[in-house]
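Worksheet for the structure shown next.
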Amino acid sequence: MQERTRLEAAIAACREVERELADTVDLIELAEAEGDEAMVSEAMAALSALEKNASAREVETLLSGEADGYDCYLEVHSGAGGTESQDWAQMLLRMYLRWAEAHGYKSEYIEEHVGEEAGIKSATVQIKGHNAYGWLKSESGVHRLVRISPFDSNARRHTSFASVWVYPVVDDNIEVDINDKDLRIDTYRSSGAGGQHVNTTDSAVRITHIPTNIVVQCQNERSQHKNRATAMKMLKARLYELELQKREEAANAEAAAKTDIGWGHQIRSYVLQPYQMVKDLRTGVESSQPAKVLDGDLDPFLNASLAARVHGGAEAVEDLA
Numbered sequence: 259m260q261e262r263t264r265l266e267a268a269i270a271a272c273r274e275v276e277r278e279l280a281d282t283v284d285l286i287e288l289a290e291a292e293g294d295e296a297m298v299s300e301a302m303a304a305l306s307a308l309e310k311n312a313s314a315r316e317v318e319t320l321l322s323g324e325a326d327g328y329d330c331y332l333e334v335h336s337g338a339g340g341t342e343s344q345d346w347a348q349m350l351l352r353m354y355l356r357w358a359e360a361h362g363y364k365s366e367y368i369e370e371h372v373g374e375e376a377g378i379k380s381a382t383v384q385i386k387g388h389n390a391y392g393w394l395k396s397e398s399g400v401h402r403l404v405r406i407s408p409f410d411s412n413a414r415r416h417t418s419f420a421s422v423w424v425y426p427v428v429d430d431n432i433e434v435d436i437n438d439k440d441l442r443i444d445t446y447r448s449s450g451a452g453g454q455h456v457n458t459t460d461s462a463v464r465i466t467h468i469p470t471n472i473v474v475q476c477q478n479e480r481s482q483h484k485n486r487a488t489a490m491k492m493l494k495a496r497l498y499e500l501e502l503q504k505r506e507e508a509a510n511a512e513a514a515a516k517t518d519i520g521w522g523h524q525i526r527s528y529v530l531q532p533y534q535m536v537k538d539l540r541t542g543v544e545s546s547q548p549a550k551v552l553d554g555d556l557d558p559f560l561n562a563s564l565a566a567r568v569h570g571g572a573e574a575v576e577d578l579a
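All letters in the sequence shown, in the order written, are residues 259 to 579 by the working numbering.
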């Protein structure tokens, strides 16, 4: 039923574009015949908007991966640098939440570790909506910020790093075998704001998968049992994403090199001082308005990354542009 709903929505969107195109062309012909320049200008503006809509639909057709249609978990971790990096991690998280909100996705906090002075040390949110993982999967990697630090009394320029990890939420139809002997489960007291019960009991759960050294944690529920169940779902999702990554590497080593995930691989730079620029180091896409990008305007970067990932090169990005 989910697949049927997805296909029906795609077909309906295509037919809507065709219908609006035909109506707009008829309107232009009528306006030209009557010599109504204002109506012609209005129709041309509608045609331009329709072109952008059709381009967005075209990019969306690239979301054909095995897990692209799923919800996703998005983790943000601050790098070395204390308060400065923790503030940058919180800015990144806000950027993705604003993007999700603008696209009609719902978000839910799974866990959050706040910094001592400002920002966050780490946070995990679940973004819910069709194609959430497909759109955000290329965001995994290291993000670099260059700015005049608001925490430096000498107003010096600082470089901060934060990492982002995106992986799909797996449903019950996908089986992931996990041996209990491969797990180390720790409980601890929840941090941050919460009710009395949350902050006075060891309800938070951290699970480490020893063979892969994958660590997941959950603290948003009062019940340790519920937190453990959510953490197990997250672990299954991470292992599933790891398997998808291995398949992609086997199918296309060149593309895998472009999407390598790790602290040693920066995918995007956000420069606020001495000039204003955001640049994706994989696709070359740039923006001279970092404030808009940090407010959730990520579509140009996501579109280019998706095209490059699917087609495996910069030519796809040029064609898209």
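A virtual CB, placed ideally from N, CA and C, is assigned to each residue, including glycine.
For Val551, the closest C-alpha among the options Thr470, Arg496, Met535 and Ala562 is that of Met535. Straight-line measurement puts the Cα of Ala312 at about 22 Å from the Cα of Met297.
Counting C-beta atoms within 10 angstroms of its own C-beta, Lys364 has fewer than 16 neighbours from the protein chains shown and is therefore classed as exposed.
Annotation for Trp423: Glu333 and Ser398 place their beta carbon closer than 6 Å to its own, counting only its chain and skipping 5 residues before and after. Taking each of Leu500, Ala566, Glu479 and Lys504 in turn and checking the Cα distance to Glu366, the smallest one comes out for Glu479.
With a contact defined as Cβ atoms closer than 8 Å, Gly554 and Trp393 miss out at about 12 Å. The C-alpha of Asp440 is placed about 43 Å away from the C-alpha of Glu316. Boundaries of the alpha helix (DSSP H) harbouring Asp345: Thr341 to Ala360, taken from the DSSP string. Inter-residue distance for Ala303 and Leu279 is about 12 Å (C-alpha atoms, whole angstroms).
For Glu316, the uninterrupted alpha helix (DSSP H) segment begins and ends at Glu295 to Glu318. Taking 9 Å as the cut-off, the Cβ atoms of Val275 and Leu308 count as close. A Cβ-Cβ contact shorter than 9 Å links Gln344 with Glu375. Shown here for Val434: same chain residues with a beta carbon closer than 6 Å to its own, the five before and five after excluded, namely Lys494, Leu497 and Tyr498 in chain order.
Take the alpha-carbon of Glu370 and the one of His335: they are about 10 Å apart.
By the C-beta density criterion, Gln531 is exposed, having fewer than 16 other C-beta atoms within 10 angstroms. For Leu552, there is no enclosing beta strand (DSSP E); the residue is part of the alpha helix (DSSP H) that begins and ends at Pro548 to Leu552. If you look at Gly399, you'll find it in the beta strand (DSSP E) that goes Gly399 to Ile406. In this structure, DSSP gives His371 an extended state, which the three-state scheme calls strand. If you compare the alpha carbons of Pro469, Ala420, Ala462 and Lys504 with that of Ala489, the shortest gap goes to Ala462.
A direct Cα-to-Cα measurement between Gln384 and Asp284 gives close to 45 Å. The DSSP assignment places 441-446, 462-467 and 472-476 as complete runs of the beta strand (DSSP E) inside the region 435-504, in order along the chain (cut-off: 3 residues). Setting aside the 5 residues that flank it on each side, Tyr328 is surrounded in the same chain by Tyr391, Pro426 and Val427, each with a C-beta closer than 6 Å to its C-beta; the list follows chain order. By the Cβ neighbour-count rule, Leu403 is buried, with 16 or more other Cβ atoms within 10 Å of its own.
Going by beta carbons, Leu560 and Ser421 fall outside the 9 Å limit.
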